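Numbering (my numbering), first residue to last: 6 to 280. Backbone N, C-alpha and C define an ideal beta-carbon position, used for all residues, glycine too. Just so we're clear, the structure is a prediction, and the values are computed from it rather than from any experiment.
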Amino acid sequence: MQDSLFSVKDKIIIVTGGFGQLGAQYVRELHSRGALVAVLGSTCGEDKINKVFNDIRDSKNVRFYGVNITKVDEITNALDDIENVWGTPDGLINNAGIDTQPSAPPEVSGPFENFPEEVFREVVEVNLVGTFLMTQQVGARMKQAGKSGSIVNIGSIYGVVSPVQDIYSYKKEDTGVPFIKPVAYSAAKSGVYNFTRYCATYWGRDNIRVNTLTLSGVQRADQDPRFQKNYTARIPIGRMAQANEFNGAIVFLMSDASIYMTGANVVMDGGWTAW
Ligand SMILES: NC(=O)c1ccc[n+]([C@@H]2O[C@H](COP(=O)([O-])OP(=O)(O)OC[C@H]3O[C@@H](n4cnc5c(N)ncnc54)[C@H](O)[C@@H]3O)[C@@H](O)[C@H]2O)c1
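Structural data, given as structure tokens:
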């Protein structure tokens, strides 16, 4: 039985970074609930589609696009095609993003005093400017069509509070060089919150809702067990997230269950920001 309150059936939803760890989860969950899902990835070859979406690649309810979200012409080309084939989007999940993992070389994970300007610019370009461009282009089309819509910007605990640098102290034991979680990701992600509020108030009477979904760290097999232990110690709920555990919030935000919510920050962080 379809639950009409949480239904996303027949909604046209765009997921940026849709081939990534979490984006692929959102794509699959929304597709399984009858949404028409446009998967945007920075690259989108046959190999990638087969690897990530072999099970649903031939569905008429999923389409794949190679789109760098920092390039407005690539965005508009994809949106033109989506509109021609399906119609104006109902939803956008601004999920694409870049971060610096603990495995990063010291040149991009060293002290703040030496953090390279070009890396800072690159992270802001993707995580903030890319989110702006996608939102601008998709929101404009929703408004033009007089269609209500839901836009979700993916935030992070590290855009709400500062990273806890002690979590990464084990790296110095191995390499002699400390890993400093860089400023760029935090600064760019923090910008997402007021960008969200701005758009929410700007488009409020057009019924285009804009919200942030804030996540904390997801467990992955390739993470150092010392990282997982240190990170977990900081989480009230006592474990890292599983990749599928944000799907419920995505369905909620894309459906009419969240019809009266805009400009808000939905926090699913295992309690990280609660203390
Ligand atoms: N995984 C976590 O622990 C975690 C925690 C908090 C927040 N987040 C956020 O969730 C989102 C997804 O994270 P993930 O773990 O799935 O990361 P991921 O690296 O697996 O996926 C991100 C995707 O974005 C794509 N991308 C990067 N730059 C792009 C560009 N310029 N244009 C188009 N696509 C681009 C990448 O190709 C990749 O497929 C990110 O915004 C991230 O900051 C993740």
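Task: Best match in Ile74, Tyr190, Ala193, Glu118 for proximity to Thr140 [C-alpha to C-alpha] - done: Numbered from 1 along the sequence shown, position 135 holds the residue referred to as residue 140. Closest by alpha carbon: Ile74.
- [ ] Check whether the Cβ atoms of Ala101 and Gly135 lie closer than 8 angstroms to each other.
- [x] Within the sequence shown, the letter at position 96 stands for residue 101. Within the sequence shown, the letter at position 130 stands for residue 135. Cβ distance < 8 angstroms, so Ala101 and Gly135 count as in contact.
Open item on the list: Only counting the same chain, and skipping five residues up and downstream in sequence, which positions put a Cβ closer than 8 angstroms to that of Gln233?
Closed with: Here residue 233 is taken as the residue at index 228 of the sequence shown, counted from 1. Cβ within range, chain order: Gln224, Met245.
- [ ] Pull up the CB-CB distance for Val188 and Thr217, whole angstroms please, since I reckon it's below 8 angstroms.
- [x] Taking the first residue of the sequence shown as 1, we reach residue 188 at position 183. Taking the first residue of the sequence shown as 1, we reach residue 217 at position 212. 20 angstroms between Cβ atoms; not a contact.
Task: heavy atom of ligand 1 below 7 angstroms from Val223 C-beta - done: The residue labelled residue 223 in the question sits at position 218 within the sequence shown. For ligand 1, at least one heavy atom lies less than 7 angstroms from the Cβ of Val223.
TODO: Could you tell me if the beta carbon of Val131 falls within a distance shorter than 7 angstroms of some heavy atom in ligand 1?
DONE: Looking up residue 131 in the sequence shown gives position 126. Because some heavy atom of ligand 1 lies under 7 angstroms away, the Cβ of Val131 counts as near it: yes.
- [ ] Find the nearest neighbour of Tyr163 within the set Trp208, Lys148, Gly144, Thr105, judged by alpha-carbon distance.
- [x] Within the sequence shown, numbered from 1, the residue matching residue 163 stands at position 158. Selected option, being the one with the closest Cα: Thr105.
Open item on the list: Any heavy atom of ligand 1 closer than 7 angstroms to the beta-carbon of Ser195?
Closed with: As a first step, residue 195 is located in the sequence shown; it is residue number 190 there, counting from the start. No, ligand 1 has no heavy atom inside 7 angstroms of this Cβ.
Task: Ile17, DSSP secondary structure in three states - done: Position 12 of the sequence shown, counted from the first residue, corresponds to residue 17. Residue state, collapsed to three classes: strand.
Open item on the list: My assumption, with CB atoms under 8 angstroms, is that Asn270 sits in contact with Gly160. Please give the rounded CB distance.
Closed with: As a first step, residue 270 is located in the sequence shown; it is residue number 265 there, counting from the start. As a first step, residue 160 is located in the sequence shown; it is residue number 155 there, counting from the start. Indeed, because the Cβ distance is near 7 angstroms, the residues count as touching under 8 angstroms.
Task: Closest Cα partner of Leu45 within the set Val182, Ile54, Arg38, Asn212 - done: The sequence position of residue 45 within the sequence shown is 40, counting from 1. Closest by alpha carbon: Ile54.
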